[in-house]
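In my numbering, the protein residues as written are 73 to 375.
Following this line, the structure appears as structure tokens:
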């Protein structure tokens with residue numbers, strides 16, 4: 073049964089890792105190449121590497137498994153930093169990080185990297201099943217993660233109330249994703265290990281849910297513009313197509329007044345475009361008819 077469970081967890085982690093990396097690359101290569109797309113790729117890459125480590129560590133020799141256990145935490149150091157950057161860039165595409173923030177974050181990153189390289193996060197007590205005892209450094213890392221992410225949630229709540237329309241929906245999706253990954257992390261990577269229960273690979277489920285929601289938030293920058301592009305049969309990224317109905321439903325629930333206004337403007341614009349196209353077709357038909365009539369009269373004069 074243990075072997076079967078291990079196979080399932082490895083399959084879950086490998087599949088999630090590949091999908092998350094694919095999603096990051098997919099969002100990045102789309103036209104626009106905004107800063108937020110680049111940082112989303114970095115975040116997806118870090119999540120992908122971290123999840124894949126749950127599979128890779130099974131192949132590491134027993135005497136080196138304590139290295140794998142701590143080194144796999146290196147990508148997690150950058151999760152909250154990149155997440156906060158994405159939130160800031162959605163709010164303001166030209167947002168710049170202050171120097172004092174860069175300095176303080178750099179100090180924390182150096183400390184956490186030192187703890188990972190020196191294997192100071194945990195004491196491995198079961199080399200087969202990767203059961204461990206957390207050290208003070210691990211508790212500090214988790215406090216940093218939870219504190220930073222909680223700050224991001226408070227920032228998102230503020231943005232949800234201060235922004236309207238599409239931006240409100242985007243920040244709501246970001247908040248749901250952050251809350252999801254935070255819940256999975258606290259349960260499977262902190263609380264359960266303290267109780268001697270180790271189901272860390274299941275956190276990959278939370279990563280999948282969160283990254284998908286964040287990808288939608290990054291791409292759905294103008295829902296009704298995308299809706300018109302689909303109506304006009306213009307090229308639209310498949311993720312935008314798939315998520316548009318869900319996004320518009322959230323839009324309608326979260327900001328009904330702005331949704332009605334945007335929907336009215338969309339329908340008016342669509343009606344104008346249809347009318348304009350109809351007029352163009354009629355003018356073209358009149359021109360064709362005039363040309364044919366002129367040719368017919370010329371032929372009659374010749375006769």
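Just so you know, even glycine gets a beta-carbon here, dropped at the ideal spot from N, CA and C.
inquiry  = Using 8 Å as the threshold, is the C-beta distance between residue 202 and residue 270 below it?
reply    = yes
task = Answer yes or no: do residue 243 and residue 235 have a C-beta to C-beta separation smaller than 8 Å?
result = yes
message = My output table needs one value for residue 339: the three-state DSSP class, helix, strand or coil.
response = helix
key: N-terminal and C-terminal residue of the alpha helix (DSSP H) that residue 198 is part of   = No alpha helix (DSSP H) holds residue 198; the beta strand (DSSP E) holding it covers 194-198.
request  = Go ahead and label residue 283 buried or exposed: buried means 16 or more other beta carbons lie within 10 angstroms of its beta carbon, across all protein chains shown.
outcome  = buried
request  = State the CB to CB distance for the pair residue 228 and residue 247, rounded to an integer number of angstroms; the pair is presumed to be in contact (CB under 8 Å).
outcome  = 4 Å
inquiry  = So, for residue 196: in the same chain, excluding its five sequence neighbours on each side, which residues have a beta-carbon less than 8 Å away from its beta-carbon?
reply    = 137, 138, 141, 202, 203 and 204
ask   = Going straight from the alpha carbon of residue 75 to that of residue 144, what length do you get?
value = Note that residue 75 has pLDDT 42, beneath the 50 cutoff, so the model's placement of it is unreliable and no number is given.
request  = Answer with buried or exposed for residue 148, where buried requires no fewer than 16 other C-beta atoms within 10 angstroms of its C-beta.
outcome  = buried
message = Taking 8 Å as the threshold (C-beta atoms), are residue 292 and residue 250 in contact?
response = no
request  = Indicate whether residue 152 and residue 107 have their beta-carbon atoms separated by less than 8 Å.
outcome  = no
request  = Give, in chain order, every unbroken run of the beta strand (DSSP E) that is at least 3 residues long and sits entirely within the region 197-268.
outcome  = 203-206
query = In its own chain, which residues sit with a C-beta less than 6 Å from the C-beta of residue 91, not counting the 5 before and 5 after it?
reply = none
ask   = Cα-Cα, which of 334, 200, 121 and 85 is closest to residue 132?
value = 200
task = Using 7 Å as the cut-off, classify the Cβ of residue 87 as near or not near the heavy atoms of the ligand GTP, replying yes or no.
result = The ligand GTP is not part of the structure shown, which contains no ligands of any sort.
query = Where residue 73 and residue 79 are concerned, what is the direct C-alpha to C-alpha distance, given to the nearest angstrom?
reply = Confidence at residue 73 is low in this model, with a pLDDT of 37, below 50, so its placement is unreliable and no value can be given for it.
query = Out of curiosity, what's the CA-to-CA distance linking residue 334 and residue 264?
reply = 46 Å
ask   = Roughly how many angstroms lie between the CA atoms of residue 303 and residue 339, to the nearest whole one?
value = 12 Å
request  = Work out the CA separation of residue 295 and residue 275 for me, nearest whole Å.
outcome  = 31 Å
request  = Grab the span of the alpha helix (DSSP H) containing residue 291 for me, first residue to last.
outcome  = 275-291
query = Less than 8 Å separating the beta-carbons of residue 278 and residue 255?
reply = yes
key: Backbone CA spacing between residue 169 and residue 154 [nearest angstrom]   = 12 Å
key: Start-to-end residues for the alpha helix (DSSP H) that takes in residue 104   = Unbroken run through residue 104: none, as it is neither H nor E.
query = What did DSSP end up calling residue 168 once you bin it into helix, strand or coil?
reply = coil
ask   = With a cut-off of 8 Å, does the C-beta of residue 338 fall near any C-beta of chain B?
value = Annotation note: the requested chain B is absent from the structure, which comprises a single protein chain.
key: residue 167 burial status per 10 Å Cβ neighbour count (16 or more: buried)   = exposed
query = Got a sec? Which residues, its chain only, sit under 6 Å from residue 85 by beta carbon, not counting five neighbours each side?
reply = 123, 126, 127, 273 and 276
ask   = Does the beta-carbon distance from residue 323 to residue 336 come in below 8 Å?
value = no
message = For residue 191, tell me which candidate among 319, 305, 300 and 146 has the shortest Cα-Cα distance.
response = 146
message = Can you tell me whether residue 145 is helix, strand or coil according to DSSP?
response = coil
task = Quick one: residues in its chain with C-beta nearer than 7 Å to the C-beta of residue 375, no 5 flanking neighbours on either side, listed in chain order?
result = Bear in mind that a pLDDT of 49 at residue 375, under 50, signals an unreliable position, so the model cannot answer this.
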